[in-house]
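Residue numbers (our numbering), protein chains in the order written: chain F, 3 to 175; chain H, 74 to 506.
Idealized CB from N, CA, C, for every residue including glycine.
Computed from a predicted structure; not experimentally measured.
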Ligand SMILES: Cc1cc2nc3c(=O)[nH]c(=O)nc-3n(C[C@H](O)[C@H](O)[C@H](O)COP(=O)(O)O)c2cc1C
Ligand code: SF4
Ligand code: FES
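Here it is, written out as structure tokens:
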């Protein structure tokens, strides 16, 4: 079920487009933000709101990798495995994360805290190896840095090691 | 160090530049759109950009002014501009920096392009993962709206130009222009068959231009400083500068803006600081994962659209990936094929099935289980994919395979003969699927 607030936020986007269907991606994102994943009920609600059949919503939801139709851990760790990152150590980083979390890529830790995924290039190639956790990018990773990030997240729910606006090569002061 | 005057990265490289509207205006921002609205008819802007020779920075390098001129002039037909901020080509990260650190430059470029083609609405399609970029752009759009640069009466000209942010949700193929259009329409991002081209039948069946972030970033500078200045940079057929994203085994990975036409060697050795730890270069991808691999023999190739194409690859997205001699080329092709297999949209059988077969065969060669007939099989498969698909993704996925087979064939043969990767078991393999 979508909350009324979520429905309002979706409806606010209508004037931007000549066709309500264009709000599908935004609606799915809003639904996922609210529930942590996209439920069948949420898709049905979106269909009603955007005047689409359930299949029209479902086919879009299943095409994009950022939408998940199943619950995931509180922190979704997505490590880039594509060439530029792999050349500078993404492989050992993934192995380190798997050992550290006691799961293999694709799984969620039993406490529901972390889900680990390998993903494709996130446009952080020059600052690799890199990963995304929920909305934040983390770059220039080392195993030490990864350990600190995980500790920060466990303790504070956030980490100051997240990347800021992109600037590479880093300008030395 | 900057040996050349940066143009698109100039503000970003200015210490203390915050990227907000006030900072952009202090740096001379939004003068170009004012000038355009006051002094030029849309036709004249198109003509100016044509004469500048600006070519698209998103991949294909098509002349921007010419692309705009395909848009019908009938004022009663709604037209759209889509900004391609999807940036998903492996090895490419320039648009991200332009968006996160100088959003108004691309917004001003968007307004100029929208005016030129007569679009009242522009959508900026930004890849879903760029949360920070989306935030920065949303704020910048609000600032520009509040100041009257966007809206029903842009700079008091009586012109309406609306600019909306549209976020993707994770799909490489949505960078392809017709897939991007489908995605804005709220559907799966499946490329459309062309023709009809978007200039005639694009977003909502209306005439549409899709332009890359870096392409648009050039426009304010062309307006402000003129065609003569612009064509004095770069080469005759590839004028201007280009932002190259350099990654892989170099000492200083990063975005470097240089005039088009400098030698590849200069980019790597002088700008990116050369290869790490005294190693030697083994292979270079000059234009994103879709471009054919180069070898050290290509280091003197000039980085402009024609020269790179003549040498058998393409300038593409400007993503330059460097591999030193510790890299197994079969593994590199296998890694990239993992990407292509995962990202194939599935619309055409040769691409959907072919990418999987290529991935499987490359994987078994890399893991020491290759068969004598595998190399012929790879070539046969590639021949049945390239040119036989709806979009250029099919051509892209065979480039790493064919070029590594061409330049590093003995490495493939050694894998099959020795039944192992000659580089040994490496943790690199862990980055596989
Ligand atoms: C598979 C595929 C992926 C693409 N991805 C991007 C992309 O991420 N960003 C981009 O600007 N262009 C991308 N392009 C190129 C666009 O289709 C289009 O040519 C470009 O946005 C046009 O803008 P330009 O003329 O300013 O270069 C891609 C093309 C293909 C075939
Ligand atoms: S070539 Fe591949 S990505 Fe392009 S339309 Fe066909 S299946 Fe989709
Ligand atoms: S290859 Fe990892 S972010 Fe591009």
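Limits of the unbroken alpha helix (DSSP H) element including residue i
{"i": "residue 485 of chain H", "result": "482 to 491"}
{"i": "residue 72 of chain F", "result": "Looking at the DSSP string, residue 72 of chain F is not in any alpha helix (DSSP H), and its letter there is neither H nor E."}
{"i": "residue 434 of chain H", "result": "422 to 439"}
{"i": "residue 142 of chain H", "result": "137 to 142"}
{"i": "residue 56 of chain F", "result": "56 to 63"}
{"i": "residue 166 of chain H", "result": "It is not in any alpha helix (DSSP H) - residue 166 of chain H carries neither H nor E in the DSSP assignment."}
{"i": "residue 448 of chain H", "result": "447 to 456"}
{"i": "residue 209 of chain H", "result": "204 to 219"}
{"i": "residue 120 of chain H", "result": "115 to 125"}
{"i": "residue 150 of chain F", "result": "145 to 158"}
{"i": "residue 177 of chain H", "result": "176 to 190"}
{"i": "residue 84 of chain H", "result": "83 to 86"}
{"i": "residue 97 of chain H", "result": "94 to 99"}
{"i": "residue 324 of chain H", "result": "Taken as a continuous stretch (DSSP letters only), residue 324 of chain H belongs to no alpha helix (DSSP H), as it is neither H nor E."}
{"i": "residue 415 of chain H", "result": "402 to 416"}
{"i": "residue 10 of chain F", "result": "6 to 13"}
{"i": "residue 45 of chain F", "result": "42 to 52"}
{"i": "residue 106 of chain H", "result": "104 to 112"}
{"i": "residue 96 of chain F", "result": "92 to 103"}
{"i": "residue 26 of chain F", "result": "26 to 37"}
Residue(s) in a DSSP beta bridge with residue i
{"i": "residue 154 of chain H", "result": "H:195, H:282"}
{"i": "residue 120 of chain F", "result": "F:81"}
{"i": "residue 397 of chain H", "result": "H:354"}
{"i": "residue 238 of chain H", "result": "H:197"}
{"i": "residue 367 of chain H", "result": "H:357"}
{"i": "residue 336 of chain H", "result": "H:375"}
{"i": "residue 259 of chain H", "result": "DSSP, once it has assigned bridges, lists no residue as partnering residue 259 of chain H."}
{"i": "residue 110 of chain F", "result": "F:117"}
{"i": "residue 348 of chain H", "result": "H:323"}
{"i": "residue 224 of chain H", "result": "H:234"}
{"i": "residue 307 of chain H", "result": "H:312"}
{"i": "residue 128 of chain H", "result": "H:136"}
{"i": "residue 392 of chain H", "result": "H:318"}
Where the beta strand (DSSP E) containing residue i begins and where it ends
{"i": "residue 273 of chain H", "result": "Counting along the chain, residue 273 of chain H falls outside any beta strand (DSSP E), and DSSP gives it neither H nor E."}
{"i": "residue 332 of chain H", "result": "327 to 332"}
{"i": "residue 133 of chain F", "result": "133 to 135"}
{"i": "residue 314 of chain H", "result": "314 to 321"}
{"i": "residue 139 of chain F", "result": "138 to 140"}
Anticipated Cβ contact below 8 Å, residue i with residue j, distance rounded
{"i": "residue 306 of chain H", "j": "residue 332 of chain H", "result": "5 Å"}
{"i": "residue 484 of chain H", "j": "residue 402 of chain H", "result": "5 Å"}
{"i": "residue 458 of chain H", "j": "residue 418 of chain H", "result": "Actually they do not touch by this definition, with Cβ atoms about 14 Å apart."}
{"i": "residue 314 of chain H", "j": "residue 480 of chain H", "result": "The Cβ separation is near 29 Å, so there is no contact."}
{"i": "residue 114 of chain F", "j": "residue 319 of chain H", "result": "Contact flag wrong, Cβ pair sits at about 40 Å."}
{"i": "residue 71 of chain F", "j": "residue 321 of chain H", "result": "With 8 Å as the limit, residue 71 of chain F and residue 321 of chain H do not qualify as a contact, their Cβ atoms being about 36 Å apart."}
{"i": "residue 335 of chain H", "j": "residue 376 of chain H", "result": "6 Å"}
{"i": "residue 40 of chain F", "j": "residue 33 of chain F", "result": "5 Å"}
{"i": "residue 85 of chain F", "j": "residue 394 of chain H", "result": "6 Å"}
{"i": "residue 211 of chain H", "j": "residue 289 of chain H", "result": "Residue 211 of chain H to residue 289 of chain H, Cβ: 18 Å. No contact."}
{"i": "residue 295 of chain H", "j": "residue 125 of chain H", "result": "5 Å"}
Contact check, residue i vs residue j, beta carbons under 7 Å
{"i": "residue 390 of chain H", "j": "residue 360 of chain H", "result": "yes"}
{"i": "residue 182 of chain H", "j": "residue 293 of chain H", "result": "yes"}
{"i": "residue 266 of chain H", "j": "residue 363 of chain H", "result": "no"}
{"i": "residue 248 of chain H", "j": "residue 177 of chain H", "result": "no"}
{"i": "residue 74 of chain F", "j": "residue 117 of chain F", "result": "yes"}
{"i": "residue 143 of chain F", "j": "residue 78 of chain F", "result": "no"}
{"i": "residue 137 of chain H", "j": "residue 129 of chain H", "result": "yes"}
{"i": "residue 127 of chain H", "j": "residue 297 of chain H", "result": "no"}
{"i": "residue 189 of chain H", "j": "residue 118 of chain H", "result": "yes"}
{"i": "residue 4 of chain F", "j": "residue 63 of chain F", "result": "no"}
{"i": "residue 122 of chain F", "j": "residue 317 of chain H", "result": "no"}
Worksheet item: So, do the region 19 to 26 of chain F and the region 249 to 264 of chain H have three or more beta carbon pairs nearer to each other than 8 Å?
Response: yes
Worksheet item: Should the region 192 to 211 of chain H be regarded as contacting the region 229 to 247 of chain H, the criterion being three or more beta carbon pairs within less than 8 Å?
Response: Yes, since at least three Cβ pairs between the region 192 to 211 of chain H and the region 229 to 247 of chain H fall closer than 8 Å, the two stretches touch.
Worksheet item: Just checking, does the region 143 to 154 of chain H make contact with the region 274 to 284 of chain H on the three C-beta pairs under 8 Å criterion?
Response: Under the Cβ criterion (8 Å, minimum of three pairs), the region 143 to 154 of chain H counts as touching the region 274 to 284 of chain H.
Worksheet item: Three or more beta-carbon pairs under 8 Å between the region 168 to 185 of chain H and the region 150 to 170 of chain F, yes or no?
Response: A contact between stretches requires three or more CB pairs, one per stretch, nearer than 8 Å, and the region 168 to 185 of chain H meets this requirement with the region 150 to 170 of chain F.
Worksheet item: Would you call the region 491 to 498 of chain H and the region 433 to 447 of chain H in contact, with 3 or more CB pairs under 8 Å?
Response: yes
Discussion item. Under 8 Å: do the region 92 to 112 of chain H and the region 225 to 235 of chain H share three or more Cβ pairs, one atom per stretch?
Written reply: yes
Worksheet item: Taking three-plus beta-carbon pairs below 8 Å as touching, is the region 85 to 105 of chain F in contact with the region 140 to 154 of chain F?
Response: yes
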